[in-house]
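Engineer:
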Amino acid sequence: MKNGVVKKLTAVILLASLCLSGCEKKEEEKTSIKVGVTVYDSHDTFISELMGDFNELVTKKAYESGVAISVEVMNAGWNQSTQNSNVEDMIDNGCDILCVNLVDRTAPTAIIDIARQKNVPIIFFNREPVEGDLDRWDHLYYVGTDARQSGAMQGEIAAEAFTKHPEYDRNGNGEIEYVMIEGESGHQDAIVRTEVSISKLADSGFKVKKLQSAIGNWLRPQAFTKMEQIIAEYGDEIELVMANNDDMALGAIDAYNSAKIPLEKRPVIIGIDGTDAGVVAVKNKEMYGTVFNDTKGQAEAMVDLIYAESVLGNTSGIDFSEDRVIRVPHSKIVGE
Ligand code: BGC
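1130 is the number that our numbering gives to position 183 of the sequence shown; each next residue is one higher, with no gaps.
(1) Shorter than 6 Å, the distance from the beta carbon of Phe-993 to the closest heavy atom of the ligand BGC, or not?
(2) Whole angstroms is fine: what's the gap from Asn-1192's alpha carbon to Leu-1259's?
(3) Tell me which residue opens and which closes the alpha helix (DSSP H) that Ala-1255 is part of.
(4) As a quick exercise: from Asp-1266, Lys-1173 and Pro-1209, pick the residue whose alpha carbon is nearest that of Lys-1232.
(5) Please check the pair Tyr-1115 and Ala-1108, which I expect to be a contact at CB under 8 Å, by giving their CB distance rounded to whole angstroms.
(6) Whose C-beta lies closer than 8 Å to the C-beta of Pro-1168 among residues of the same chain, with five residues either side of it excluded?
(7) Rounded to whole angstroms, what's the CA-CA distance from Thr-1262 to Phe-1171? Just pull it up for me.
(8) Under DSSP, the alpha helix (DSSP H) around Ser-1132 begins and ends at which residues?
(9) Assign Asn-1299 to buried or exposed, taking buried as 16 or more other Cβ atoms, counted over all protein chains shown, within 10 Å of its Cβ.
(10) If distances are taken between C-alpha atoms only, which option among Ser-1097, Val-1047 and Ala-1062 comes closest to Pro-1076?
(11) Go ahead and label Tyr-1010 buried or exposed: buried means 16 or more other beta carbons lie within 10 angstroms of its beta carbon, across all protein chains shown.
(12) Between which two residues does the beta strand (DSSP E) harbouring Val-984 extend?
(13) With distance defined between alpha-carbon atoms, name the residue in Asn-1073, Gly-1041, Asn-1033 and Thr-1056 nearest to Asp-1080.
(14) With distance defined between alpha-carbon atoms, name the residue in Ser-1132, Ile-1219 and Asp-1201 nearest to Thr-1053.
(15) I want to check one thing, is the minimum distance from the CB of Asp-1085 to the heavy atoms of the ligand BGC below 6 Å?
(16) By the three-class DSSP mapping on this structure, what secondary structure does Tyr-1089 have?
(17) Pick out whichever of Phe-1071, Thr-1092 and Gly-1091 has its Cα sitting closest to the Cα of Asp-1082.
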């Protein structure tokens, strides 16, 4: 009787260890993975350029590693509950890992809870969860940039423009009269860029005076409409336009074009992102400069993290900027 129990127990332990080593082996030998991506708005210029780079780099990684990587992308269309459903659908569709560009960066709870329950890691990107949210599970990551750095570089570009060209202070009053076009309220990049860009310019020894600020929600048409009104109100008093991203700087340029104000009578206009259209505007001298928000660098960090987490099951080879966070550096792009 006693012997029988021991035999049974041994058999159970053997089976368990066989299963354990079997499962481990299966993990190590993963030859295919499925990645689910949900973005806040697939029409956002920066996000669509980032996704273009991401798709290219996924193909390259799959080719180099021999691992089949399939990607499913969903658009949340500015709606957090749509995004929560995107996440549930992608988990049901068998995704091994998710990349989430939050609609509302203060509301990741439902997503984190379901992913954790189903053991599906998440890489948040571009829209940063607020402090503490990443601590809720150790398979949550963030890939983005340092918003302060982008704001500081934009301020430096402005300081450089007015140092090299004192005549850009059109009324010669020793003060830079500026307009700020802000991204979506609540977005870490909008909040920080708005504040840091101007304080950097002021710290460089320039007196600054805000004429007007307007929210353009990252969008070119909204910035265009707001800027049309601001030009009508302030005309050539405006010496500097700082936009939180290139699309809104382009909207401001559209407004100057539509008002038929020639290039030499326009203020200094500076954006952030270095999108394809933004760089063309810098080359054409319509935009004085921009700050490169490295889409390729961020896409590469996401792909490396996906591979480490889902194929290797080990992220020790990843160079994190902070705990489970990767911040890709910016650089300046100036026409001159
Ligand atoms: C970019 C914007 C973009 C936004 C979307 C920012 O980092 O600079 O162009 O619209 O992210 O979340």
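The beta-carbon is built from N, C-alpha and C at its ideal position, and this holds for glycine as well.
Structural biologist: Answer, in terms of the structure:
(1) Yes - the ligand BGC has a heavy atom lying nearer than 6 Å to the Cβ of Phe-993.
(2) Rounded to the nearest whole angstrom, the C-alpha separation of Asn-1192 and Leu-1259 is 36 Å.
(3) Per DSSP, Ala-1255 belongs to no alpha helix (DSSP H) and is neither H nor E.
(4) The shortest Cα separation from Lys-1232 among Asp-1266, Lys-1173 and Pro-1209 belongs to Pro-1209.
(5) Taking 8 Å as the upper bound for CB-CB distance, Tyr-1115 and Ala-1108 are in contact here, some 6 Å apart.
(6) Cβ neighbours of Pro-1168 beyond the five flanking positions: Gly-1198.
(7) Approximately 44 Å, taken between the alpha carbons.
(8) First-last for Ser-1132: undefined, no H or E at that position.
(9) No information on residue 1299 is available, as it lies outside the stretch 948 to 1283 that the chain covers here.
(10) Nearest option by C-alpha distance: Val-1047.
(11) Exposed is the call here.
(12) Where Val-984 is concerned, the enclosing beta strand (DSSP E) stretches over 979-986.
(13) Ranking the options by Cα distance to Asp-1080, first place goes to Thr-1056.
(14) Cα-wise, what sits closest to Thr-1053 is Ser-1132.
(15) No, the ligand BGC has no heavy atom inside 6 Å of this Cβ.
(16) Three-state DSSP puts Tyr-1089 in a strand.
(17) It is Phe-1071 whose Cα lies nearest to the Cα of Asp-1082.
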